[in-house]
Structures are given as structure tokens and as C-alpha cells.
Amino acid sequence: MTDVVPTGERRQLAPPVLDTGVMGWMRKNLFSSWANGITTVVLLVAIGWMLSWFLEWALFTATFTAPNGQACRGHGACWALIHEKYRYIFFGSFPYAQHWRPLLAVVTMLAMLVSSADRRMWNSRLIWIWAIGSFITFLLMFGVLSFPISLFLTIAAVVGGIGMSVRGAIAEPVELNAWRALAAIGVIGLILRIAGVMPAWSLTIAAFDYVETGMWGGLPVTIILATYGLVFAFPYGVLLALGRRSKLPLIKGLCVGFIELIRGVPLISLLIMASVMLPLFLPQGTSIDKFLRALVAVILFAGAYIAEIIRGGLQSLPKGQFEAADAMALSYPQKTILIILPQALRVVIPPLINTFIGFFKDTSLVLIIGIFDFLNTANQALVDPNWAGFPAEVYLFAAFVYFCFCFSMSRYSKYLEVELNKGTRR
Amino acid sequence: MATNSVIELKGVNKWYGQFHVLSDINLSVKEGEKIVVCGPSGSGKSTLIRCINRLEEHQQGDIVVHGVTLSNDVKNIEAIRREVGMVFQSFNLFPHLTILDNLTLAPIWVKKMPKKEAEEIAMGLLKRVRIPEQANKYPGQLSGGQQQRVAIARALCMRPKIMLFDEPTSALDPEMVKEVLDVMVELAKEGMTMICVTHEMGFARAVADRVIFMDRGEIVEQNEPEEFFAHPKNERTKTFLGQILHHG
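Protein chains in written order, with the numbering used here: chain H, 865 to 1290; chain A, 161 to 408.
The structure is reproduced here in C-alpha cells:
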């Protein structure tokens, strides 16, 4: 049989059959030589043996319900322990009858995180999702929320200020005046409040019984610390990274000093400082919530690491990008926000998510200042003398839950890389 | 000196550390004039035009662009950059933005132009550089010649009075040089004031009012293109022309 080849076109040959299909793949990758084949067989046998041993323990001889630890003994895994303790592991010492509140809070936060993960949501909607989601989360956790007037004034000042600087270049006069008015109300109000002219009004919403942060524990604590720690650490890290590249020696020095100082000490020492030393410097009678102090320590710490990652991204950009932006008369903020950061952040997605995953797990260190996150409540579940002696089950369970979170983050990182590079790739 | 000069350099000096990269440069460019700057690598020709829009800072002398004297004042620098478009050797398009967004970015953010109007101007310019069908693609999907034409259109989008070209065809594959030069010739015919660092001597012959030869940070010789190529006066110019015209 002869193929008719159109003039000017080369005939496209099919790839050799030996390399395609399942058999082809196996031949090429698993049994390409005697040594390779033997290794494959040995490893398969080893994996099979371990898997059968594990399944035997974890499934076939396991105990799923038992009145106490004694009834479990002598068999395989004691999942009855998890069955007995899972509510404590997930929610810590939150009042037992109210466990639906942290459960709903976790669901709310997951919904918030998942919906803001979608690139199509990356616009002003995101602010509303986070404002409403955070409100619901903390209302559920605390039960009672009290907003001082100064909070509203600060938000007004910040939002107005951001509006003025970001929209300043392109806004209609009416819109610009609205931003100015908002900022002015915020600033003047704050001054009046600080001067004591304005009374300390506050808006209190009491939906449920008040539960203080000392009672919080388990999964909500881990997710809140990691989420809000990183959400605040991220912009802070961006500012530090930009500051470190600043031409102004003072700003540069401050940023370098801060980053090096924070990176030079362990997170634990920062947490201890926040919980033991900070109160010594505060005036008598005032106290900052322990949970909040831990959160601030996480933000400071994560910020320094994120800053160094982002600096790497900034340095990877060709000089021409900065020059092109300069040559078209963009101002520094415009250049940074429109040209530099979108490109720099894209480059650093893998190491950034890597850091996020690390911090999600590192939140367990808050144990040393007496906060019980997910790993620590799991640990506590082992203390009960009725159920002593089954650490493997509890830690496997905790590991499984952590894995679900970290693996989703890792997959998301992959998705982001592909999604953000759509079209820009050659 | 002519009164209608749009760029005026007087006694400009610049050093990189100890290295004297620009030495006593005096240059006056009239409105609508096209100048080609050539010279061996490291002669300071790129530095010269990069000083005009302050991508590089000069240390001595005055640079006056469109009546504005360059100083450390950011307002002055931005005022000059609005009037001066620049095209780079390595295109420097923004890879994360579509072609259209690359073009409309500066008009929208710097000139505060409504988006619709900016897009109309941008599409008009893309037609002029003959690639309107690429408007919604990303720079990475275009060929080098197309990218450079986009870069020219992007600079023109700000309606500049002066265009600076820094070796616009040096990074291109040979078969794409012509499409870029064609656009530049067209632009020259429309009366744009242009300073172009290039080794495309055909282009210099076709459009330049003046060819400037630089070596070791100095302007060694300048003349009308006919005279410059036919009867170079300085020895260094002769050597240089001998080298680059050797094969052409």
C-alpha cells in the first residue's frame, strides 16, 4: 500500500507500536532490563505484604465499637476510641451541647476558602465573602460579638484611604469625593474618640451563649489560626519584600532588620514572648486575649518567611519589565500593583503554598502557651485512663485529617499554576 | 541653536563607577527630525537615549525635553515620560496582560482615559502595525516581529511627541526585521521625531536626517546619511563602517 503524500507536506508517521498502550508503558518503565524487572517484582511483593498487614490491622481485625479500652485489647486497631472521642478531638473543650457551633464555623470557613479559591471570584466579591464569612465564623465561635465604634472608624479611614489612592487616577469626581468623605469621617471620628469627645459606643450582637477563646479547641482553632494568620501575613509579607528592595535606606534597613530578627528565632520563642513577656509591658489591668496574641505571633513569623519568598519572585523578573513600566510614566504604586506583583506572585506560587502548608501544621506549637489546636486535642484524647494505650489509632486519625487539608492545598497550588499561566505560555 | 528643538543635551557626562560612559555630549534634535545613532558595542549609545527619559541618571550637564529640564523631581520625570515613547531591544511587553491590555494600560492609568476610548485608540494602532487580529492574545503567543510591532503600538498609544528606539531589531530573527522596519519607516514618514539606536544602515539611509557615530562615550562624527556613508571623515568611523558593511 502506498500513501499519497500531498506535495509540500511531509508524511506524519505513527509512533512505534512497542512504546504505546499499557503493555508498551510497562515494558518501557517497569521491565526494561533484567535488573529493572527484578526490582519491580521485589518492590511489588513488599508493597503487597505491607498493605495486607495494614489492612488486617486497620480493617479485618479492628474493633469499631467498644464500651471501653479493655474490650479493644488483643485485636487489631481500636477505632472505637476515635468513635468515642472524635467530638473532643474535633472541638476540644467547647461546651459539649454547643458543638454544632464550631461545626458550623468550620463549614463556614471551608466554604469561604473554597469559594475564594476559584479564580473567577477574584474581584470585589471576595471582600464580601470574607467579611460575611468571618462574621458568621466568629459569631458562632464567640456567641456574642461586640464591635467598638473605633473599629468602624478605622475601617472607614482605611477603606477611604485605599479608595483614594487606588481609584484616584481613574475615578469620576463624584466617586473620588465619596472616598475622601469616607476617609475624613474615619480620621476625624478616630481623633474625637481618642480625645475622649466621643463616648465608647459599641454595637453588641448576642446570638448565643458567650464562649471565651480559652474554651476553644480542635479543628476550628487550627483553621482559624492558619487562615487568619496567613491572610494577614500575606499582605504584610508583600510590604516587607517591597520594603527590602526600597532605595530608601531607612525603610530598607527596618525591613531587613525585622525579617532577619524574626527568621533568626524559633516560632516557639516568639509565642512564649507573646504570652509571657508582652503582658509585663502592658499597663496593669489591661490584657490582650491569649488567642489573639498567638495569632499576632503567627502573623509576624509567617510574614517574614513570605517576604523572603516574594523577594525571590521580585528578583526573578527581568529588569526590562521595570524599565518598560517606568518608560510609560507609571507611578511606583501603579507599577508595583499592575506590573510587578502579578508576575512576581505567579512565579512564587509553589514555595508560597509550601510555606502555607508548613504553617498550617506549625500552628500546633501554640500548645506551649496553652491553646489546644487539632493535634493537641488529639493528644489529650490519649490521656483518658479508660482508653489508654492506643496512640497509633489517634495519631493516624489526626494524620489523615491533616493530610486531607495539606493535600488539597497542594492540588490547589497545581491548579493555580496552570490557571494563571493559561495563554501566557508559548 | 535652533529655537524649535525638542530635545537639547548640553555638556552631558555620565560615569558608571570609574567608567566614563558619556563624555561631554552635546546634541540638539529639532521637531520631526529623525536621528540614527550607531557605534560599536559599549560606546554609550543606548545609555545616551536612556538618559533622555531618565531610565539612566546623568551626572553633569542639562537635558531639556520639550521645554522640561530633567531633574530629580519626579513630576518632571513623569511629565517627560508622558511625551517620550520608548521601544526596547527585548520588547518588554507585559506577559501577564493581553496585547490590548498592554496597549491600554498607560492611557488608562497615566492619562486617565476612559477604557472605551483607550481601546478604540489601541485597536486603531494595532491596525496600523497590521496585527489587529492578535488583540486578545498574550505576548508569549506572538512571534518576535509581532511582539516588537505591539511594543511600538504600545508606545504610540500614549500619543508621544518623541519616540526612542533602542536597537529595536537586534533581538529579532532575520526574516522579521523587515516587518518592524516597515512600521518604523511609516512612522518616520508621518513626521514623528525619532532617535533610533540601530545598525540597520538601510533604514538609516532611507529615513534618517542625521546619522550620529558614537565611540567610547563621545559623539565622534555626525552628518547627513549620504555624506556619512560615502565620505566618513574620522578614522574610527571608517573602521566601524568597514566592519559592519563588510558583508552587506
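C-beta: ideal position from N, C-alpha, C; glycine also.
Residue span of the beta strand (DSSP E) that contains residue i, given as start and end
i       : result
H/T1068 : 1066-1070
A/L182  : 179-190
A/Y176  : 165-176
A/Q220  : 220-225
H/P1012 : 1008-1012
A/G245  : 244-247
A/E378  : 378-383
A/M354  : 353-357
A/V197  : 194-198
H/I1132 : Premise fails: H/I1132 lies in the alpha helix (DSSP H), 1131-1136, not in any beta strand (DSSP E).
Proximity test, Cβ basis, 8 Å: residue i and chain H
i      : result
A/T277 : At residue 277 of chain A the sequence reads Glu, which differs from the Thr that was named. Chain H contact via Cβ: absent.
A/S303 : no
A/E386 : no
A/V310 : no
A/N383 : no
A/M318 : yes
A/N213 : yes
A/W269 : yes
A/L265 : yes
A/A162 : Low confidence applies here, because A/A162 scores a pLDDT of 46, under 50, leaving its location unreliable; read the following figure in that light. No, A/A162 lies away from the interface with chain H (no Cβ there is under 8 Å from its Cβ).
Cβ shell of residue i (< 6 Å), same chain only, five flanking positions each side left out
i       : result
H/G901  : F895
H/C1270 : I1221
H/S1180 : V1211
The alpha helix (DSSP H) enclosing residue i, as first and last residue numbers
i       : result
A/C317  : First-last for A/C317: undefined, no H or E at that position.
H/R1108 : 1083-1108
A/T207  : 205-212
A/N252  : No alpha helix (DSSP H) contains A/N252, which DSSP labels as neither H nor E.
H/I1213 : 1213-1226
H/F1186 : 1183-1191
H/N1243 : 1238-1245
H/D1153 : Looking at the DSSP string, H/D1153 is not in any alpha helix (DSSP H), and its letter there is neither H nor E.
H/K892  : 885-893
Residue-chain proximity (residue i, chain A), Cβ-Cβ < 8 Å
i       : result
H/P1197 : no
H/I1174 : no
H/E1283 : no
H/M1273 : no
Same chain, Cβ closer than 7 Å to residue i, neighbours up to 5 away in sequence not counted
i       : result
H/F1011 : S1066, L1067
H/I1115 : G1107
H/I1213 : S1277, L1280, E1281
A/A368  : K194, I195, V196, P385
H/Y1100 : I1163, G1167
A/L260  : E279, A282, A295, N296
H/A1090 : F1223, F1224, T1227
H/Y1074 : F1006, G1007, V1008
A/L341  : T329, E360, F363
H/G1253 : G933
A/M273  : P267
Chain-order list of residues whose beta-carbon lies under 8 Å from that of residue i (same chain, five-residue window excluded)
i       : result
H/T927  : A935, C936, H939, G940, A941, C942, W943, A944
A/S165  : S188, V189, K190, E191
H/P1255 : L1246
Cβ of residue i within 8 Å of any chain C Cβ
i      : result
A/V181 : Looking for chain C here will not work: the only protein chains present are H and A.
Please name the residues in the segment 1178-1194 of chain H whose beta-carbon is closer than 7 Å to at least one beta-carbon of chain A, in chain order.
Residues G1184, Q1185, E1187, A1188, D1190, A1191, M1192, A1193, L1194.
Touch check for the segment 209-219 of chain A and the segment 1163-1181 of chain H: three-plus C-beta pairs under 8 Å?
As far as the Cβ criterion goes, the segment 209-219 of chain A does not touch the segment 1163-1181 of chain H, which means the pair count is below three.
Please list the residues of the segment 1099-1123 of chain H that have a C-beta atom closer than 8 Å to any C-beta atom in chain A, keeping them in chain order.
Correct list: empty, as no residue qualifies.
Under 8 Å (Cβ pairs) to chain A, residues found in the segment 1196-1217 of chain H
Contact annotation: in the segment 1196-1217 of chain H, residues whose CB is within less than 8 Å of a CB in chain A are Q1198, L1202, I1203, P1206, Q1207, R1210.
Does the segment 957-967 of chain H come close enough to the segment 1264-1281 of chain H to have 3 or more Cβ pairs within less than 8 Å?
Output reads no: the segment 1264-1281 of chain H does not touch the segment 957-967 of chain H.
The segment 234-260 of chain A: which residues have C-beta closer than 7 Å to a C-beta of chain H, in chain order?
Within the segment 234-260 of chain A, those residues whose Cβ lies closer than 7 Å to any Cβ of chain H are, in chain order, E238, R241, R242, M246, F248, S250, N252, F254, P255, H256.
Specify whether the segment 1230-1238 of chain H and the segment 1085-1097 of chain H touch according to this definition: at least 3 beta carbon pairs, one from each stretch, less than 8 Å apart.
Yes, since at least three Cβ pairs between the segment 1230-1238 of chain H and the segment 1085-1097 of chain H fall closer than 8 Å, the two stretches touch.
Cβ pair count under 8 Å reaching 3, the segment 320-333 of chain A against the segment 277-288 of chain A:
With the cut-off at 8 Å, the segment 320-333 of chain A and the segment 277-288 of chain A do not touch.
So, does the segment 176-190 of chain A touch the segment 374-390 of chain A, judging by three or more C-beta pairs under 8 Å?
They touch, by the three-pair rule.
With a cut-off of 8 Å, do at least 3 Cβ pairs link the segment 205-213 of chain A to the segment 1139-1154 of chain H?
Not touching, per the Cβ criterion.
Is the segment 261-268 of chain A touching the segment 306-319 of chain A, taking contact as three or more C-beta pairs under 8 Å?
In short, these stretches touch, since the Cβ pair count reaches three.
Below 8 Å, can you find three or more Cβ-Cβ pairs linking the segment 296-315 of chain A to the segment 246-261 of chain A?
Using a C-beta cut-off of 8 Å, the segment 296-315 of chain A makes contact with the segment 246-261 of chain A, since at least three inter-stretch Cβ pairs fall below that distance.
Taking three-plus beta-carbon pairs below 8 Å as touching, is the segment 1232-1243 of chain H in contact with the segment 906-913 of chain H?
With contact defined as three or more Cβ pairs closer than 8 Å, the segment 1232-1243 of chain H and the segment 906-913 of chain H are not in contact.
Give a yes or no on contact between the segment 1049-1059 of chain H and the segment 1012-1024 of chain H, applying the rule of three or more CB pairs nearer than 8 Å.
Result yes; three or more Cβ-Cβ pairs closer than 8 Å.
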